[in-house]
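Colleague: Chains P and F, in that order, are what the protein sequence lines are.
Sequence positions in the first sequence follow the working numbering and run 61 to 431.
Sequence positions in the second sequence follow the working numbering and run 61 to 431.
Beta carbons: idealized from backbone N, C-alpha and C, even for Gly.
Values in this document were obtained by computation on a predicted structure and should not be read as measured data.
Mind having a look at this structure? Questions to follow.
Protein chains: 2
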Amino acid sequence: MTAQPDQTGSASGQIIISVDAMGGDAGPSVVVAGIAKSAKKNPQVGFILHGPEDTLKKLVAKRRVLDGRVVFRDCPDVVTMEDKPSQVVRNGKNTSMWSTLESVRNGEAAGAVSCGNTGALMALSMLRLRRLPGVTRPAIAILFPSGNPQGFNVLLDAGADIRADARDLLQYALMGASYARNGMNLLRPRVGLLNVGTEEHKGKAELKEAQALIAEYAERANYEFVGFVEGSDIPGKRCDVIVTDGFTGNVAIKTGEGTARMIGSLLREAFKYSPLSRLASLLAVTSLRRLSKRIDPRRVNGGVFLGLNGTVIKSHGSADDTGISAAVKLAFTLAQSGFAERLAARVASAAALTQDEAAPTGAQAEKQESR
Amino acid sequence: MTAQPDQTGSASGQIIISVDAMGGDAGPSVVVAGIAKSAKKNPQVGFILHGPEDTLKKLVAKRRVLDGRVVFRDCPDVVTMEDKPSQVVRNGKNTSMWSTLESVRNGEAAGAVSCGNTGALMALSMLRLRRLPGVTRPAIAILFPSGNPQGFNVLLDAGADIRADARDLLQYALMGASYARNGMNLLRPRVGLLNVGTEEHKGKAELKEAQALIAEYAERANYEFVGFVEGSDIPGKRCDVIVTDGFTGNVAIKTGEGTARMIGSLLREAFKYSPLSRLASLLAVTSLRRLSKRIDPRRVNGGVFLGLNGTVIKSHGSADDTGISAAVKLAFTLAQSGFAERLAARVASAAALTQDEAAPTGAQAEKQESR
Chain P
61 MTAQPDQTGS ASGQIIISVD AMGGDAGPSV VVAGIAKSAK KNPQVGFILH GPEDTLKKLV
121 AKRRVLDGRV VFRDCPDVVT MEDKPSQVVR NGKNTSMWST LESVRNGEAA GAVSCGNTGA
181 LMALSMLRLR RLPGVTRPAI AILFPSGNPQ GFNVLLDAGA DIRADARDLL QYALMGASYA
241 RNGMNLLRPR VGLLNVGTEE HKGKAELKEA QALIAEYAER ANYEFVGFVE GSDIPGKRCD
301 VIVTDGFTGN VAIKTGEGTA RMIGSLLREA FKYSPLSRLA SLLAVTSLRR LSKRIDPRRV
361 NGGVFLGLNG TVIKSHGSAD DTGISAAVKL AFTLAQSGFA ERLAARVASA AALTQDEAAP
421 TGAQAEKQES R
Chain F
61 MTAQPDQTGS ASGQIIISVD AMGGDAGPSV VVAGIAKSAK KNPQVGFILH GPEDTLKKLV
121 AKRRVLDGRV VFRDCPDVVT MEDKPSQVVR NGKNTSMWST LESVRNGEAA GAVSCGNTGA
181 LMALSMLRLR RLPGVTRPAI AILFPSGNPQ GFNVLLDAGA DIRADARDLL QYALMGASYA
241 RNGMNLLRPR VGLLNVGTEE HKGKAELKEA QALIAEYAER ANYEFVGFVE GSDIPGKRCD
301 VIVTDGFTGN VAIKTGEGTA RMIGSLLREA FKYSPLSRLA SLLAVTSLRR LSKRIDPRRV
361 NGGVFLGLNG TVIKSHGSAD DTGISAAVKL AFTLAQSGFA ERLAARVASA AALTQDEAAP
421 TGAQAEKQES R
C-alpha cells in the first residue's frame, strides 16, 4: 500500500507529480497552464495528467515546454464540487481524482495534486492510500501568512475532520512539526495548541489532556511546545505550528482569509476616494503590490494531507495557473526532501512510544528522521 | 432581581451608566478621560463610578464637564486579569466590579461598563444579575467590521461559554437578532449559523439540530435565516448576525483581529520601503486614516453580555479613552431603546413557545417587542 519513492523518478533524477486536470472551477486549460509554468521553472519535474485524454492532449500540445514531460491517463468521469464523498467512494472508479491518487498508490508518482472537492479527495485518499500506521485521523495542513521570518505559519487540521481527541491533536503536533521542518526548513519548530486563552485553567477537557501529551513528546520529537495559543497567534509570531481540530481550524482560516479580503477591498475603496488618494495609489503601487504578494493566497496554494501513505496536495478550487504551479512546487519540494518517509517514521515512532515508552522499534524509527 | 428602568434616570431624562473605574490595563485615569469624552458629546448621560473614591474624586475634579454628573461608590478592592472567576465570585464583594454590577441590580443605573477580567465579569454578572428566564447560557455579542451597509456584523457567542447545544444556539439567534434590531436598527436581521461549509450535510450533529430550530423560529422572531455560513462570512455580506459556540467564536474573532493587525503592520512596512513609497504614504494619509477608522476596534469597543437581567458591556482591557467612550455610548444607546426589556420579552416568548407552541403568554410577549 505504501508508495515506493524509488519508482517515482527516472534515472535523470526527475520527480513525477500526478495531477488531476479536472474538478477545478476554471477547467483543465488552467491546470495545464499551471503545470507548464512549473515545467518552465523546474527542469526536474514531470507529470502524469488525469482526465479526458483527447482534450488534455490538445491543451498540452500547445505548450512546448511540456514536450515529452507529460504522461496521460484517460478518465471519462469527473468529481464535481456537489458530489458527496460517500458517493465518490462508491462510484468514483472512473474519475480523474481516483486515477490521480492511483499513480501515487502504485508508486508511479511522488505526489498528487488536485483542485477538486476536498471532502471527496480526503475520502478517496484514505480509501486508496490508507492511513499511516498510528494515525487515526489524517489532517489538512495549510500555510497562513504570519509575522514570523519564514513568512507563514502551519495550521492543522484545516478541515479534514470536524472532531479531534487529545491523541489526534498529539498526532497533529508531530505531523505539523515534521512538515514545518521539511517544508519550511525550521529545525526546531515551535508548536502551539489553539485555545480561547493562554491560561492553563481555560478550555475544554480534551485540550488540557492534549496539552500534557504534546508537552511530553516535545523533547523526543524535536519541537518546542509553547503551550496554549489564541486565534491572534495564527498570523502571529508566538509559534510556527498551530494545532487544532478541523472544525475550529477551518472556521479560523476562513475568517482570516475573509478579513484579509475585506481589508483589501476597503483599501481599494479608500484609494479611489479623492484625486489625491488616487495619485497616492499610483505612487504606492509597488508597495501595495509587495504587500499583496506577501499575503497572496496563491503563493501558498494548497493544503497538504498529512497522515497518509503518500503526499496529496489539495489546491484551491478557484486556483489559477500561479496557484496550480505553487501546489506542484510544494509537492515537488516535499518529494525531494523525502518528507513522506520522514513523516511516516516520526508518526510510527510516536505510535510505538505511546504503546510502550521503551519500545526499541520506537527508538529506531526516531533516528530515521535526521532533521 | 430585574433592573427597573424607571429608576435609572432623573426627571430630566438623564440615563445613568454604572462604570467600573478599575481593572483596565491603563488604570482609572483613562476611564475618567473616557467618561469625560462621553459627557462632552452627550448631555443626557450621567455616571456612577466605582473604585477608590479619593483617587477617583481627584481625577474627576480635573474634568469640568463631569461636574455634578458623577456619583462615587468607594471600593477598596480590584479584580485583576489574573484572578480566577471562581475566586472573584467567592471573595469579590469589595471589588469595584461587584459594585458596578450592584448599581444595575438595584436599578440605580441602566447599564454597566467594565474593562476588567472577562471571565470574572461574566461570572459575577450571572451571580448578581441572574439569567433571563429561558436562557441557559448567556452569550457575549461583539461587532466585527464587515462589508455590509451597517459596517459591522454581530457575532455571538464570542467567548462566554465554550459549549453550546442546539437550544443555546437558538437562544443566541434570538438574542443576536434582537441586538441587531435595537443596536443597529436592522428591522429584519439576516442570521447565519457558523459551520465548516454551507452544504446541509456538513458539520456536527448539534449544528444540524440547531439549523432546524433556528429556521423554525425565523418567522415568529422576525429574522431571516440564511442557513449555514462559513468563517469568511463573519466579515462578509451574507448575513448580519453570526451564531456559534463561544470556543469557535472566540478563536474566529481573535484570528480576524490578528489578521487585520498583521496586514496593518505589513502595510506600514511596505510604505517605508522606498522614498517613493514614503511619499505615497504621505499623500495617502487621509485614505489610510479613513480605512483604519473604518476597521478601528476602538469604535466598536465592547462585547455585550446578552441573556442577563440588565445590560453589561465588557470593554477591551487595553481600551483608551475613545474605547471607553464607545462602550459608554453603546450602553446608553441600548438603555435608550429599552433593549433589555425587549430582549427579555423576546427570550421569554421563545421559551414559552418552546414549552408549548400555542401558549398565550408566548403570543403576548411576542407583541411587546414592536421593532
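Within 8 Å of any Cβ in chain P, is that where the Cβ of F/Ala201 sits?
Modeller: By this cut-off, F/Ala201 is not an interface position.
Colleague: In the DSSP assignment, the beta strand (DSSP E) including P/Ala201 goes from what residue to what residue?
Modeller: From DSSP, the beta strand (DSSP E) with P/Ala201 extends over Ala199 to Pro205.
Colleague: Since I believe P/Leu192 is in contact with P/Leu368 (beta carbons under 8 Å), could you give me their beta-carbon distance rounded to a whole number of angstroms?
Modeller: With 8 Å as the limit, P/Leu368 and P/Leu192 qualify as a contact, their Cβ atoms being about 7 Å apart.
Colleague: Might you give, ordered along the chain, the residues of its own chain that have their beta carbon closer than 8 Å to the beta carbon of F/Gln64, omitting 5 neighbours on each side?
Modeller: Low confidence applies here, because F/Gln64 scores a pLDDT of 42, under 50, leaving its location unreliable; read the following figure in that light. Cβ neighbours of F/Gln64 beyond the five flanking positions: Gly167.
Colleague: Taking just the CA atoms, how far does P/Lys297 sit from P/Lys268?
Modeller: The alpha-carbon atoms of P/Lys268 and P/Lys297 are separated by roughly 23 Å.
Colleague: Out of P/Ala220, P/Met235 and P/Leu342, point me to the one whose CA is closest to P/Tyr283's CA.
Modeller: Nearest C-alpha to P/Tyr283: P/Met235.
Colleague: Note down the Cα distance separating F/Asp80 from F/Ile202, rounded to an integer number of angstroms.
Modeller: If I take the Cα positions, the gap works out to 20 Å.
Colleague: Hey, would you say P/Met157 sits closer than 8 Å to P/Gly83, going by beta carbons?
Modeller: Yes, the pair counts as a contact, with Cβ atoms nearer than the cut-off.
Colleague: Spell out a yes or no on whether the region 294 to 310 of chain P and the region 207 to 223 of chain P are touching, meaning 3 or more CB-CB pairs, one atom from each, closer than 8 Å.
Modeller: Yes, the region 294 to 310 of chain P touches the region 207 to 223 of chain P.
Colleague: Once DSSP output is grouped into helix, strand and coil, what is the label at P/Ala419?
Modeller: Residue confidence is low: P/Ala419 scores 35 on pLDDT, short of 50, so the model does not pin down where it sits. Its coordinate-derived value is still stated next. It is coil, neither helix nor strand.
Colleague: Just verifying my parser: in three-state terms, what is the DSSP assignment at F/Thr62?
Modeller: In this prediction, F/Thr62 has a pLDDT of 40, which is less than 50 and means its spatial position is unreliable; what the coordinates show is noted afterwards. In the structure shown, F/Thr62 sits in coil (DSSP, three-state: anything other than H, G, I, E or B).
Colleague: Counting only the same chain and skipping the five closest in sequence on each side, list residues whose C-beta sits under 6 Å from that of P/Thr160.
Modeller: Only Ser78, Asp80, His110, Ala172 and Ser174 meet the Cβ criterion.
Colleague: Buried or exposed: where does F/Met61 fall if 16 or more other Cβ atoms within 10 Å of its Cβ makes it buried?
Modeller: Note that F/Met61 has pLDDT 38, beneath the 50 cutoff, so the model's placement of it is unreliable and the number below is only indicative. Exposed, by the Cβ-count rule.
Colleague: Residues of chain P with a CB under 7 Å from the CB of F/Leu327: which are they?
Modeller: Near F/Leu327 (Cβ distances below 7 Å), the residues of chain P are Leu351.
Colleague: Closer than 8 Å by beta-carbon distance: list the chain P residues that pair up with F/Gly291, in chain order.
Modeller: Near F/Gly291 (Cβ distances below 8 Å), the residues of chain P are Asn310, Val311, Ala312, Ile313, Lys314, Thr315, Gly316, Glu317 and Gly318.
Colleague: Hey, F/Gly291 and P/Gly363: beta-carbon distance below 8 Å or not?
Modeller: Contact: no.
Colleague: If you reduce the DSSP assignment to three classes, tell me which class F/Leu247 lands in.
Modeller: Coil, per DSSP.
Colleague: Assuming F/Gly370 and F/Ala400 make a contact with CB atoms under 8 Å, what is their CB distance in whole Å?
Modeller: Sure, about 6 Å apart at Cβ, within 8 Å.
Colleague: As an exercise, report each continuous beta strand (DSSP E) stretch of at least 3 residues that is fully enclosed by the region 326 to 376 of chain F, in chain order.
Modeller: Listed in chain order, the complete beta strand (DSSP E) runs (minimum 3 residues) inside the region 326 to 376 of chain F are 363 to 366 and 372 to 374.
Colleague: At a cut of 8 Å, does the region 304 to 316 of chain F reach the region 250 to 257 of chain P through at least three beta carbon pairs?
Modeller: Cβ pair count under 8 Å is three or more, so yes.
Colleague: With distances taken from CA atoms, which of F/Arg328, F/Phe285, F/Arg227 and F/Gly243 is nearest F/Leu390?
Modeller: Taking only the C-alpha atoms, the option nearest F/Leu390 is F/Gly243.
Colleague: Tell whether a beta-carbon distance below 8 Å holds between F/Ser385 and F/Ser98.
Modeller: Result yes, Cβ atoms of F/Ser385 and F/Ser98 sit closer than 8 Å.
Colleague: What is the DSSP secondary structure of P/Ala172, counted as helix, strand or coil?
Modeller: Here P/Ala172 sits in strand by DSSP.
Colleague: Can you tell me the Cα-Cα spacing of F/Met141 and F/His376, whole angstroms?
Modeller: Cα to Cα, F/Met141 sits roughly 12 Å from F/His376.
Colleague: Please confirm whether P/Tyr232 has its beta-carbon closer than 8 Å to some beta-carbon of chain F.
Modeller: For P/Tyr232, the answer is no, since every Cβ of chain F falls outside 8 Å of its Cβ.
Colleague: Rank F/Ala379, F/Val92, F/Leu366 and F/Ser325 by C-alpha distance to the C-alpha of F/Leu189 and give the top, closest one.
Modeller: F/Leu189 has its Cα closest to that of F/Leu366, out of F/Ala379, F/Val92, F/Leu366 and F/Ser325.
Colleague: Measure the alpha-carbon distance for P/Gly106 versus P/Lys117 and round it to whole angstroms.
Modeller: C-alpha separation (whole angstroms): 15 Å.
Colleague: Please list, in chain order, the chain P residues whose beta carbon lies closer than 9 Å to that of F/Lys264.
Modeller: Ordered by position in chain P, the residues that pass the 9 Å Cβ test against F/Lys264 are Ile222, Arg223 and Phe307.
Colleague: 8 Å is my cut-off, CB to CB: does F/Met322 come that close to chain P?
Modeller: Chain P contact via Cβ: present.
Colleague: Would you please state the rounded distance, in angstroms, between the beta carbons of P/Leu343 and F/Leu336? I believe it to be under 8 Å.
Modeller: Correct: roughly 6 Å between the Cβ atoms.
Colleague: By how many angstroms is the C-alpha of F/Lys314 removed from the C-alpha of P/Thr115?
Modeller: One C-alpha to the other measures close to 46 Å.
Colleague: Excluding the five sequence neighbours on either side, which residues of its own chain have a C-beta within less than 7 Å of the C-beta of F/Leu184, listed in chain order?
Modeller: So the list reads Val148, Val149, Gly152, Met157, Trp158 and Leu161, once near-sequence residues are dropped.
Colleague: Chain F beta carbons: is any one of them nearer than 8 Å to that of P/Phe212?
Modeller: Closer than 8 Å: no.
Colleague: Between the alpha carbons of P/Leu246 and P/Ala240, how many angstroms are there, rounded?
Modeller: Approximately 6 Å, taken between the alpha carbons.
Colleague: In whole angstroms, give me the CA-to-CA distance for F/Asp66 and F/Gln231.
Modeller: Model confidence at F/Asp66 stands at a pLDDT of 42, short of 50, so the residue's coordinates are unreliable; what they give is reported in the following sentence. The alpha-carbon atoms of F/Asp66 and F/Gln231 are separated by roughly 27 Å.
Colleague: To the nearest whole angstrom, what separates the beta carbons of P/Arg350 and F/Tyr333, a pair I think is in contact under 8 Å?
Modeller: Going by Cβ atoms, the distance from P/Arg350 to F/Tyr333 rounds to 7 Å, so yes, they are a contact pair.
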